[in-house]
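One structure below.
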Amino acid sequence: MISSVITPILWLVIFGGGLGLSISAATGLNYTQFLLPGIIAQTLLFTAIFLGISVIWDRQFGFMKEILVAPISRVSIFAGKMFGVGTAAIIQGIIVIILGYLIGVPLSLYAVSMAVPLMIIITIGLTCIGLVIASLMTSLESFGTIVTFVNMPMFFLSGALFPVTNLPAWIRWTFYINPLTYGVDALRGVMISGWQTLLPLEYDILIICAFDVVMVVIGTYLFSKRQ
Amino acid sequence: MKAIETLDLTKRFGSLTAVDKVSLQVDQGEIFGLLGPNGAGKSTFISMLCTILKPSQGTAKVEGYDINSEASNVRRSIGIVFQDPSIDDKLTGMENMELHADLYDVPRDLMHSRIEEVLQLVELEDRASNFVNTYSGGMRRRLEIARSLIHYPKVLFLDEPTIGLDPQSRDHIWNYIKDLKKRENITIILTTHYMEEADKLCDRIAIIDRSRIIALDTPQNLKSELEGETIIIESSDNDLLSRKLTEVKLADTILKTNNELNLCVENAHTALARIVELAVSLGIHIDNITIREPDLNDVFMHFTGREIRDGGGTKALSGMGAAMRRRIK
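From first to last, the protein sequence lines are chains A and B.
The numbering used here puts the first residue of the first sequence at 975, with every later residue one more than the last.
The numbering used here puts the first residue of the second sequence at 12, with every later residue one more than the last.
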């Protein structure tokens, strides 16, 4: 709980404040304001994927067996996990919004009311990534290793920290194949007034939803197969 | 209809065969024991019957439902207490119960009366609102037994129900199991590596060793198969004594354990004098001699040539591992 507050503060205040001084001039924006949607996406990403670990916990502590032997389908077990983890991630994300507001990022009620539904659809796909990894891994250690391996590139290549449009073309495509890029982009679209999104907002949302569907299918399949 | 019917049930993990062509039948209302050392394949066998593991070969029916094609009907008919704890200790006893009742579609209006009923059975009703991580090992076990009964299963699987418990809790749980059978006419399948437990509770026992069933009968019949008595000798030279005893055919089977010889003889009282004579003539000093009726441990030795206590140490270790993992969480 404490770490869930401190990490975003470090990013927003130290990173945002420090780096912001040198960047604000270039974009014409307050960097912390630019950064907030990125940090929200980061929080959703890290929390959603990391909490996939609960599958491994449940397995190791034997609780999973009790669930697996019950007369319920594997699909509903997976859905339960997804909603559980997703809820935790969304709550973390909302904490970050509140923190952002507290440190002075301008936020309208409209912005927040648009951001939360977006956060929900972003989280669904991310949750499945964590659950897929957890389904394939048997130990906590290997889960940790793989998660870092997935988290970091997804975070750095999402445009959470800097605008994608100024990047050279050879690296830009790595951002474009990252589903989180569109999540960050859509969040900026609704949270920063006058922000020019990469794609029209509907397309962003469409891509995120498509990613959700694909991940839910893969996740359900693998989870049912492996348990 | 039989409660359980298996035919050539087999499970292989790679090159290891954990359960090897087990065929058996269990009647409804019976307490059936699977007795064997750790690693004999008891838990794997039960896991297949509970539809957690798919058999590599063979079939089984639980309450008439096929474990492969009618898995969800099987699950509805059974209750299980796993060997390792499977209770969420971040929830209260009551919350665990409600979750289980929900998972098994117990109607909402019946739920609380059922929970109360099973909690009373294991005498935990006054602790139901406490978090499970404040429970002792015996209480958790009792809660798990209560939980497995909420949906009125027809067959109850108890995988090592008293492992790692103090003698008092063990006694408690034995009494519950006996009571339960009297009250509910439920079929109970119990695995254990405690001879005493199998002897006290079970109507019939299957002795499992190295993935196979090597004997199956009532405890009385299994014991009477030994036809005789057991003499236990501690002497100054066990090796020499056992060699000479076999030479003069004083005993049918002799088993050496740490510092004892276990002899199976037809009539201990007549054999005793000759054994002592033999020992004296060899210059062996006898420290101690005991005669007793054969118990299931002797039965196990009779069939396997080994003591069932072999490997008891590893079990204690894995129990500790489980405790450590809990603490990390």
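Think of the CB as a built atom: it goes at the ideal place given N, C-alpha and C, for glycine as much as any other residue.
Under 8 Å between the Cβ atoms of residue i and residue j?
i, j, result
"ILE1179(A)", "ILE1095(A)", "yes"
"SER1132(A)", "THR1101(A)", "no"
"LEU1110(A)", "GLY1193(A)", "no"
"MET59(B)", "LEU35(B)", "no"
"ARG153(B)", "VAL166(B)", "no"
"ALA1063(A)", "ALA1089(A)", "no"
"LEU130(B)", "GLY149(B)", "no"
"ILE300(B)", "ILE200(B)", "no"
"VAL1164(A)", "LEU1092(A)", "yes"
"ASP99(B)", "VAL143(B)", "yes"
"ALA212(B)", "GLY44(B)", "Just to set this straight, residue 212(B) is Leu in the shown sequence, not Ala. Cβ atoms of LEU212(B) and GLY44(B): closer than 8 Å."
"ASP228(B)", "ILE219(B)", "no"
"LYS22(B)", "THR62(B)", "no"
"GLU207(B)", "ILE243(B)", "no"
"ILE1182(A)", "PRO1137(A)", "no"
"VAL310(B)", "THR198(B)", "no"
Assign residue i to buried or exposed, taking buried as 16 or more other Cβ atoms, counted over all protein chains shown, within 10 Å of its Cβ.
i, result
"LEU1076(A)", "exposed"
"SER1113(A)", "exposed"
"SER292(B)", "exposed"
"HIS296(B)", "exposed"
"VAL33(B)", "buried"
"LYS193(B)", "exposed"
"LEU1009(A)", "buried"
"GLN231(B)", "exposed"
"MET1189(A)", "buried"
"THR145(B)", "exposed"
"ALA1184(A)", "exposed"
"PRO1174(A)", "exposed"
"ILE339(B)", "Caution is warranted here: a pLDDT of 41 is assigned to ILE339(B), below 50, making its placement in the model unreliable, and the coordinate value is therefore given only provisionally. By the 10 Å Cβ count, ILE339(B) comes out exposed."
"ASN1140(A)", "exposed"
"ALA1143(A)", "exposed"
"HIS280(B)", "exposed"
"GLY1157(A)", "buried"
"LEU1083(A)", "exposed"
"LEU121(B)", "exposed"
"ILE980(A)", "exposed"
"ASP1186(A)", "buried"
Give me the Cα-Cα distance between residue i and residue j, rounded to the nearest whole angstrom.
i, j, result
"GLU127(B)", "MET108(B)", "10 Å"
"ASP306(B)", "THR241(B)", "9 Å"
"ALA333(B)", "THR202(B)", "Reliability fails at ALA333(B), whose pLDDT of 42 lies under 50, so the model's placement of it is uncertain and no value is given."
"LEU1018(A)", "ASP190(B)", "52 Å"
"SER1167(A)", "GLY1058(A)", "32 Å"
"ARG87(B)", "ALA112(B)", "12 Å"
"ASP210(B)", "GLU81(B)", "33 Å"
"GLN68(B)", "ASN196(B)", "31 Å"
"ASN84(B)", "ILE91(B)", "15 Å"
"ILE1145(A)", "GLY25(B)", "45 Å"
"ILE224(B)", "GLN39(B)", "20 Å"
"PRO1045(A)", "MET1038(A)", "13 Å"
"THR1119(A)", "ALA1015(A)", "21 Å"
"MET1128(A)", "ILE1051(A)", "27 Å"
"ARG1048(A)", "LYS1055(A)", "11 Å"
"GLY1078(A)", "LEU986(A)", "11 Å"
"TYR1150(A)", "ALA1160(A)", "14 Å"
"LEU27(B)", "LYS53(B)", "14 Å"
"LEU256(B)", "LYS234(B)", "23 Å"
"ILE1027(A)", "PHE1117(A)", "7 Å"
"ARG303(B)", "GLU171(B)", "27 Å"
"GLU1040(A)", "LEU1172(A)", "47 Å"
"ASP250(B)", "MET312(B)", "18 Å"
"VAL1124(A)", "VAL1191(A)", "19 Å"
"THR268(B)", "LEU274(B)", "11 Å"
"LYS101(B)", "SER124(B)", "23 Å"
What residues from chain A crowd round residue i, counting only those whose CB sits closer than 8 Å?
i, result
"ARG87(B)", "PRO1045"
"PRO96(B)", "PHE1035 and GLY1036"
Note down, in chain order, every chain A residue with its Cβ under 9 Å from the Cβ of residue i.
i, result
"ILE93(B)", "The sequence shown places Phe at residue 93(B), not Ile. GLY1036, LYS1039, GLU1040 and VAL1043, listed in chain order."
"THR205(B)", "First, the amino acid is wrong: residue 205(B) is Tyr here, not Thr. The premise fails here: TYR205(B) is roughly 21 Å from chain A at the closest Cβ pair, so nothing lies under 9 Å."
"TYR115(B)", "ALA1044, PRO1045 and ILE1046"
What distance in whole Å lies between the Cβ atoms of residue j and residue i, which are believed to be in contact at a cut-off of 8 Å?
i, j, result
"SER246(B)", "ALA290(B)", "6 Å"
"GLU16(B)", "ASP214(B)", "Their Cβ separation, rounded to whole angstroms, is 17 Å, which puts GLU16(B) and ASP214(B) out of contact at 8 Å."
Closer than 7 Å by beta-carbon distance: list the chain A residues that pair up with residue i, in chain order.
i, result
"ILE63(B)", "LYS1039, LEU1042 and VAL1043"
"ASP99(B)", "PHE1037"
"SER83(B)", "PRO1045"
"PRO172(B)", "The premise fails here: PRO172(B) is roughly 14 Å from chain A at the closest Cβ pair, so nothing lies under 7 Å."
Hey, is residue i close to the ligand NAD, as in C-beta under 7 Å from one of its heavy atoms?
i, result
"ILE243(B)", "Ligands in the displayed structure: none, and consequently the ligand NAD is not present."
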